[in-house]
Each structure stands twice: as structure tokens, then as C-alpha cells.
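Visitor: To start, I am sharing the structure in question, which I have written as C-alpha cells.
Residue numbers (the numbering used here), protein chains in the order written: chain A, 3 to 171; chain B, 25 to 465.
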């Protein structure tokens, strides 16, 4: 593969996945600017790897992997953070003032609140599975686990969630 | 499940990247990409298109490759032995580049050994191109790859030459330069010839590149007044010395040293060329033999003249003549090497024995001449898996019976030896390969 086609393929991947990655990231950090930075970092790290080591078999999985690692690193640094901090919106400027838009993200926050009692890893697999719509096999590629392990993880996360979810939801 | 529905709803409400944000990020990204350009070899193929072999990752492909083929690839002595004669575009070529040549690089301990190695590798790339061209397989892709690698090696040689000059190691300069240029000159001619004969534009193109990389552009005779390059080279230095030959005894001594060692090297190279001619008389065409013989004879004349000059303390002309001799000897050797055809035969015997499988692999590197060049390697592997494939008695190639011998690799002076042992074990669907080798240079 020539350097030129490396670049082409990489930028095509950017166009295809940047938004989905951003959404995933936003759902986990709830901060627009931060999410953008993280996604950017994921892309630049991936490019570094591509330019030094040659082609990557599954670019999408690689990108997710890099991103989730960045998120995990970040959450470790913020381990002491309180619940409010995690759900507080920073630097969020809604695109418009319409009633609908104000609600935008609120359902997400509600869901996020629900998921807060889970471990970061469990949040991750649930997000990958139900927000990004990835199959256990793909998630396995991202997390370097067997699809089986992934399924078990998802199942356990759901169980825990069931246990802590209030009845009226 | 509520969660799933919640996620679905949420998905719609999580903000997307705005057009502006996306474009902004993209431009930051492209800037980053420009600052960190692709540094990987353009020869690396996308994994989905072609397998990339290396001895470390071999076990991952066990499910894809039939065992017999896999074992054939890991021939006793390790993959690296079989890779030695591989060409660009072939499966084992990356092993040759990344393992064999890296090993050789590690073993080159001093600067002049490294310079010699780079010269050899540059020549190797050209030989590969010539072989491909001769087989009608030299396509643009491969040519570009070889050109790139060749350029890198050639540039490194030239860097070293410059470095030697600044360190005032004039003996080394002369030696390296003569070998390098002599080799390139021969290859340039071969490639041009091949290009013309086979109507192969890529060979022509490569010949031009080779020409460009040479340190001097003469056609065989050293002329002290010829200064073609802009960067200082050994050639310029010699000219300077010749001009003020009546000056310090210091430069005379240097010239004497240069002449002396060049004479020695020329002697060696001529002897090697002679021996090669004799050893491979049966596999060389009459044309080539005549050509080589002529060059060697000419070289011997030059050498004699060099010695005469030396005895008369005329070190500058002695040096010149000795260099001539070196050039000619190198050209003759290169000419002979590249015109020989080596046709390895690989024989694989797989026998079933008591629930295990024993495999024997022999490579014959056939040439009709002396036994120095024939090679047989043996490998045993035992397969502990019960349902081993029953490929008993599959044979490839002629059954010439058992033959053991020491192998020599494709080195320039036929003095390199590689000895090794390989053990292959198959457990739980994973192949473990242990290969022990020693390389004697």
C-alpha cells in the first residue's frame, strides 16, 4: 500500500466513524469539548501507529479500542470525582434554544445516572453494545477478549442494572 | 428490556458533531498527518490482501495453511535459510529483509564492515531486480520497491565514505569506493542489457538510478582528473594529493598505505574471481566465461603493474592500477554470479508413526559443479495431535536419496556458513517452532 492510499483510507475512516465515536465518547464523559479532544486524540494516535507500523486489519475496531483506552485512562484520573461532577454539563452550548433541544441529552443523562453505579468497564460494554450497536464479536476485537467473555460481561451488567433500577422506570 | 429501549431513545438525543466541528477536527488531523508522514515501507501489503510472514507470527496462520505447506516454509535451518534466495513479491521475502539482513547488520561490528554490508545489500537488491527481469517478473511495483531499498543502501555507503574521509581513513575510503562503484558499474551494464533485450522499461529505469548513485561515472578506467560529483569523494581527495605530490611526506605515506592495502584487496578479489570461474565453469555460458576471463586477465595485468609501481615507490600510479584491478575483479564476479541459475528442490516426506507424524524435509540446492555449493538440510518434527492430517508420502521433486552436507549461503565470497536445527511441535492446534542457528562469516 502506498503512503497515498494509507492516507486516503484513513481519512475515509474519519468521515465514516468520527461522529459515532464522538457520540460514544460524549455518552461516557458528558462533556462536548472533552469528547472532541478525546476523539481527536484517538485519531492521531491511530495515525501514528499506521504511519510507523503499517496497515491495520480492522480500522474501526482499532479506533474504538484507542478511544476506550483514552476514556478509561481519563476516568482513572478522575476516580475521586463525585457524582455531580460526572453528570454536570460543562461547556455545552445547545445548537438552538428550542424546547426540544433543551431536552436533548437529558434522556441521555438519565440513562447515564442509571449506569453510574456500574463499573466503568460494564458501562463500556453496554455502551458499545446498545449505543454503538456493535456485536459481541466486534466488541471482543476492541477489548481483546473472546466474544463469550463479552457476552458474559454484558449479561452481568444488565443483571446489576436490573437490581438497582427503580421499579417505575 | 428497558435498557435497550432507553439506549435507543438516548441515541437520538446525544448530540452529534456539527459540520464545523467535524471540519475543524479534520484539518487538525491532516496537519498532524503531514507532520508525521508514513514511515513504513511501501512494500508492506495490507493484511487483507496478502499474508505477511515472519517466524514469530507463523503460528497464527495454522488454521489457514495446510500443515505440509507450513512445514515446507519453515525448513530446517529456519525460515531464514529458505528466505535467502527469495525475491520481492514472494512470501518469504520479508523474512529475508527483516531477519536475515538484520542479523547480518548486527554482526557487522566496525564501520568498514558495515560499509561493506551496505554495499553488498545494495548489490543484492540489484541482483534481485535482474533475476526478476530475466524471469519476466519485474513489474513497476516491485521495481519501485527495489529501487527505494537500493537507494537507501547506496546512500548509506556514500555517507560512510564521506565519514571515512573526515576521519582520514583513506585506505577504507579507497577500498569501499572501489568495491561499490565497481559493483554498481557492472549492475548498471547488466540492467541496461536486460532492459534492451527484454524490452523492459523497468530495468532501464533502474539502470539509470544505479548510474546516478555511482560515485564516479567513468567506464572502467580511473582517471585522477575526473571529478564528477559535487560532494567530496575519495576521487577528489586523490586528485588533490596527486597535485601536490611533491609536498609533505605525510601524504606520500598515506598514498603508500592506500596503494598497499588496495593491492592486497585486489589480489584477493582476483583470486576469488578466478576460483569462481573455475568452480562454476559448468554452469556458465560461454559468453559469460569469455567476458569474465577477459576481465580477470585485464585485472591481473593491472595488478602486476600496480606492484611494479609500488616497488618503484610510485604510489599514486600504483594505487590507481590496484583500483583498476579491483574494479575488474568485482565486475567479473558480479557478472558470473548473476548469470548463474540456482534451482532449489524441496522434498518433503511425511510419515505416520504411532499416532504421531514425523516429517523430513530436504532442500537440495543443485549445481553441477563442486560439492561446495550443494546444500541439504534436515528437519524433524513430531505432531502430538491425534488427528494429524494423513499426507503420508507426499513428495515434491526427485527422490535423490539422503544427502547431508554443509550449506553455504549466497554471500559474495562463498565463505559464509549457516548451520541450524529446527524443531517443530504441534500442540493444541498451535505450532511451536524452535530454531537454533549459527551464522559464520
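Yeah, the Cβ is synthetic: ideal placement off N, Cα and C, and Gly gets one too. No experiment lies behind these values; they were computed from the predicted model shown.
Is residue 60/A helix, strand or coil when you go by DSSP?
Guide: Counting from 1 along the first chain, the entry for residue 60/A is found at position 58. Three-state DSSP puts residue 60/A in coil, outside helix and strand.
Visitor: When Cβ atoms are compared, which residues of the region 38 to 51 of chain B fall closer than 9 Å to chain A?
Guide: Within the region 38 to 51 of chain B, the qualifying residues are 38, 39, 40, 41, 42, 45, 46, 48, 49, 50.
Visitor: Which residue from 148/B, 41/B, 226/B, 199/B puts its Cα closest to that of residue 164/B?
Guide: To locate residue 164/B, count along the second chain from 1; it is residue 140. Answer by Cα proximity: 226/B.
Visitor: Would DSSP call residue 33/A helix, strand or coil?
Guide: Numbered from its first residue, the first chain carries residue 33/A at position 31. Three-state DSSP puts residue 33/A in a strand.
Visitor: So is residue 134/A buried or exposed if we call it buried at 16+ other beta carbons inside 10 Å?
Guide: Within the first chain, residue 134/A is the residue found at index 132, counting from 1. Its Cβ being crowded by 16 or more others within 10 Å, residue 134/A is buried.
Visitor: Under a CB-based cut-off of 9 Å, is residue 21/A close to chain B?
Guide: The residue given as residue 21/A occupies position 19 in the first chain. Yes, its Cβ sits closer than 9 Å to a Cβ of chain B.
Visitor: Using a Cβ-Cβ cut-off of 9 Å, state whether residue 30/B counts as contacting chain A.
Guide: Here residue 30/B is taken as the residue at index 6 of the second chain, counted from 1. Yes, because at least one Cβ of chain A sits closer than 9 Å to the Cβ of residue 30/B.
Visitor: According to DSSP, is residue 304/B part of a helix, a strand, or is it coil?
Guide: One-based indexing of the second chain puts residue 304/B at position 280. DSSP places residue 304/B in coil when its eight states are reduced to three.
Visitor: Look up residue 371/B in the DSSP assignment and say whether it is helix, strand or coil.
Guide: As a working note, residue 371/B is residue 347 in the second chain. With a pLDDT of 43 at residue 371/B, under the threshold of 50, the modelled position of this residue cannot be trusted; read the value that follows with caution. Of the three classes helix, strand and coil, the one that applies to residue 371/B here is strand, per DSSP.
Visitor: Residue 139/B: which of 182/B, 318/B, 32/B sits nearest, CA to CA?
Guide: Locating residue 139/B in the second chain gives position 115, where the first residue counts as 1. Taking only the C-alpha atoms, the option nearest residue 139/B is 182/B.
Visitor: CB-CB under 8 Å to residue 143/B, same chain, minus the five flanking residues each way: which ones, in chain order?
Guide: Taking the first residue of the second chain as position 1, residue 143/B is located at position 119. For residue 143/B, where only same-chain residues beyond five positions count, the Cβ hits under 8 Å are 177, 181, 200, 203, 204, 207.
Visitor: If we define contact as Cβ-Cβ less than 9 Å, is residue 123/B a contact residue for chain A?
Guide: As a first step, residue 123/B must be located in the second chain, where it is residue number 99. No, residue 123/B lies away from the interface with chain A (no Cβ there is under 9 Å from its Cβ).
Visitor: Does the CB of residue 34/A have a neighbour CB from chain B at under 9 Å?
Guide: In the first chain, counting from the first residue as 1, residue 34/A sits at position 32. Chain B contact via Cβ: present.
Visitor: Closer than 7 Å, Cβ to Cβ, to anything on chain B: give me those residues from the region 42 to 71 of chain A, in chain order.
Guide: Listed by position along the chain: 42, 45, 46, 49, 50, 53, 54, 55, 56, 57, 59.
Visitor: Answer yes if the region 183 to 198 of chain B comes into contact with the region 120 to 139 of chain B, meaning at least three C-beta pairs across the two stretches below 8 Å, and no otherwise.
Guide: Short answer: they touch.
Visitor: First and last residue of the alpha helix (DSSP H) that includes residue 197/B?
Guide: Position 173 of the second chain, counting from 1, holds the residue named residue 197/B. Here the alpha helix (DSSP H) through residue 197/B covers 194 to 222.
Visitor: Spatial neighbours of residue 187/B within its chain, please: C-beta separation below 8 Å, excluding the five flanking residues on both sides.
Guide: As a position in the second chain, residue 187/B is number 163, starting the count at 1. Answer for residue 187/B: 135, listed in chain order.
Visitor: Since residue 65/A contacts residue 19/A with CB under 8 Å, what's their CB separation in whole angstroms?
Guide: Within the first chain, the letter at position 63 stands for residue 65/A. Within the first chain, the letter at position 17 stands for residue 19/A. Right, the Cβ-Cβ distance comes to about 6 Å (below 8 Å), so this counts as a contact.
Visitor: For residue 25/A, which residues in chain B fall below 9 Å Cβ to Cβ?
Guide: Taking the first chain and counting its residues from 1, one reaches residue 25/A at position 23. Within chain B, the residues near residue 25/A are 35, 38, 39, 40, 41.
Visitor: Considering only the alpha carbon of each residue, which of 158/A, 122/A, 138/A lies closest to residue 70/A?
Guide: Here residue 70/A is taken as the residue at index 68 of the first chain, counted from 1. Answer by Cα proximity: 122/A.
Visitor: Run through DSSP, which three-state label would residue 156/B get?
Guide: Walking along the second chain from the start, residue 156/B turns up at place 132. Three-state DSSP puts residue 156/B in a helix.
Visitor: Whose C-alpha, out of 110/A, 6/A, 161/A, is nearest the C-alpha of residue 124/A?
Guide: As a working note, residue 124/A is residue 122 in the first chain. For the residues 110/A, 6/A, 161/A, the minimum Cα distance to residue 124/A belongs to 161/A.
Visitor: Just the Cα atoms here: how many angstroms apart are residue 343/B and residue 287/B?
Guide: In the second chain, residue 343/B corresponds to position 319, counting from 1. In the second chain, residue 287/B corresponds to position 263, counting from 1. C-alpha separation (whole angstroms): 8 Å.
Visitor: For residue 281/B, which residues from the same chain have a beta carbon less than 8 Å from its beta carbon, with the 5 sequence-adjacent residues on both sides left out?
Guide: Mapped onto the second chain, residue 281/B falls at position 257. Taken in chain order, the residues that qualify are 194, 195.
Visitor: Is it buried or exposed, residue 211/B, if we count other Cβ atoms within 10 angstroms and call 16 or more buried?
Guide: Mapped onto the second chain, residue 211/B falls at position 187. The residue is buried, with at least 16 neighbouring Cβ atoms inside 10 Å.
Visitor: Here's the rule I'm using: 16 or more other beta-carbon atoms within 10 Å means buried, otherwise exposed. How should residue 224/B be labelled?
Guide: Locating residue 224/B in the second chain gives position 200, where the first residue counts as 1. When all chains shown are included, residue 224/B counts as buried.
Visitor: By the criterion of Cβ-Cβ separation under 8 Å, what are the contact partners of residue 115/B in chain A?
Guide: Residue 115/B sits at position 91 when you count from the first residue of the second chain. Going along chain A, no residue has its Cβ under 8 Å from residue 115/B, so there is no contact; the nearest lies around 16 Å.
Visitor: If the cut is a Cβ gap below 7 Å, which residues of chain A does residue 56/B touch?
Guide: Taking the first residue of the second chain as 1, we reach residue 56/B at position 32. Under the 7 Å cutoff, chain A gives 46, 49.
Visitor: Apart from the five residues just before and just after residue 161/B, which ones in its own chain have a Cβ nearer than 8 Å to its Cβ?
Guide: Within the second chain, numbered from 1, the residue matching residue 161/B stands at position 137. 111, 113.
Visitor: Could you list which residues in chain A have their beta carbon closer than 7 Å to that of residue 166/B, in chain order?
Guide: As a working mapping, residue 166/B is identified with position 142 in the second chain. Within chain A, no residue comes near residue 166/B; the closest Cβ sits about 14 Å away, beyond 7 Å.
Visitor: Look at the alpha carbon of residue 347/B and the alpha carbon of residue 326/B, and state the distance between them as a whole number of angstroms.
Guide: The residue you call residue 347/B lines up with position 323 of the second chain. The residue you call residue 326/B lines up with position 302 of the second chain. Roughly 9 Å separates the two Cα atoms.
Visitor: In whole angstroms, what is the alpha-carbon distance linking residue 40/A and residue 112/A?
Guide: Within the first chain, numbered from 1, the residue matching residue 40/A stands at position 38. Within the first chain, numbered from 1, the residue matching residue 112/A stands at position 110. So the alpha carbons of these two residues sit roughly 23 Å apart.
Visitor: Taking DSSP as the reference, what is the three-state secondary structure of residue 239/B?
Guide: Position 215 of the second chain, counted from the first residue, corresponds to residue 239/B. It is coil, neither helix nor strand.
Visitor: For chain B, check one thing: does any of its Cβ atoms lie closer than 9 Å to the Cβ of residue 89/A?
Guide: Here residue 89/A refers to the residue found at position 87 when the first chain is read from its first residue. Residue placement at residue 89/A is poorly supported in this model, since its pLDDT is 48, which falls under 50; the coordinates still yield a value, given next. No, residue 89/A does not count as interfacial toward chain B.
Visitor: Anyone know if the C-beta pair for residue 56/B and residue 46/A falls short of 9 Å?
Guide: By one-based count along the second chain, residue 56/B stands at place 32. By one-based count along the first chain, residue 46/A stands at place 44. Their beta carbons are under 9 Å apart, which means residue 56/B touches residue 46/A by this criterion.
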